[in-house]
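Structure below.
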């Protein structure tokens, strides 16, 4: 092949519309393959190189920064409608590398790798000296708050027994002394008010996930639990995720599971 | 500035292509 003078790739401006299209396709890919944690939004395009690809098309080698939104990964709300978590809520940033193929005007992700990290405590303190910080998810107060909230939710729920899927976020609030938690649940084949041993309950084949937010407040004579769960529409039984070496993103969160439900799905209202 | 004849004058500020604009905030 004739030697192509120069670096072999073309430079593009990071704010070029074509670059932005590639970056948005990449973030859509992440959000539709995220299995735990929260959806992310594009925040800044750091670098881009465009390599020619034989026989046709181009590959965008792109580095982007994202910010966590307040929508859980399996929430059917379109990511574009999800608010970016504010600095004072202890924001979380994603750093992602992608290879995005552009062919016949279409963008498709060939490779994705993302890592996420919370903002520093100092930065949160700068914007809000009294705001609570993210707490370690294995903190005993967090585990207790989730357990109490899930028990309260199931106790008032006359349908399926819901079991914990993951604790997504937690904060220890200094005043009033309380623990704030956000966690994901899934319906099982047990009836909530008949469960004797939750270990005998199994997730439904058609997954029905929910997302709960709860505050456990310490009182003089005990503790108060306030919990609100939003149950998402059932998910069709999904084929096993690609595992034949296709580069699925290094999840920003711990583990993998089914892709998020179709965005058109109508959400079941919040259940308190 | 007025360039001396025969001296190359920079064609104005070079637009730094990357990193691009920040859409929300930087942490």
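Chains as they are written, first to last, in the numbering used here: chain A, 539 to 810; chain B, 19 to 45.
We put the beta carbon where it would ideally sit given N, CA and C, even for glycine.
Residue 36/B classed as buried or exposed, judged by whether at least 16 other C-beta atoms fall within 10 angstroms: buried
Contact with chain B by residue 675/A, beta-carbon distance below 8 Å: no
The segment 548 to 566 of chain A: positions lying closer than 9 Å to chain B by Cβ: 549, 550, 551, 552, 553, 554, 557, 558, 561
Cβ shell of residue 675/A (< 7 Å), same chain only, five flanking positions each side left out: 705, 708
Sequence-distant residues of the same chain with beta carbon closer than 6 Å to residue 791/A, five excluded per side: The predicted position of residue 791/A is uncertain, since its pLDDT is 33 and thus under 50; a value taken from the coordinates is nonetheless stated next. The residues are 574, 575.
Of the listed residues 742/A, 686/A, 726/A, 752/A, nearest to residue 811/A (C-alpha basis): The structure shown does not extend to residue 811/A, since chain A spans only 539 to 810, so no value can be given for it.
Assigned exposure category for residue 557/A - 16 Cβ within 10 Å defines buried: buried
Same chain only: Cβ atoms within 7 Å of residue 697/A, ignoring 5 sequence neighbours per side: 730
Beta carbon proximity, residue 803/A to chain B, threshold 8 Å: Reliability of the predicted coordinates at residue 803/A is poor, the pLDDT of 33 falling under 50, and no value is obtained from them.
CB contact check: residue 573/A to chain B, cutoff 8 Å: no
Buried versus exposed call for residue 623/A [16 or more other C-beta atoms within 10 Å across all chains shown]: buried
Inter-residue Cα distance where the pair is residue 757/A and residue 722/A: 26 Å
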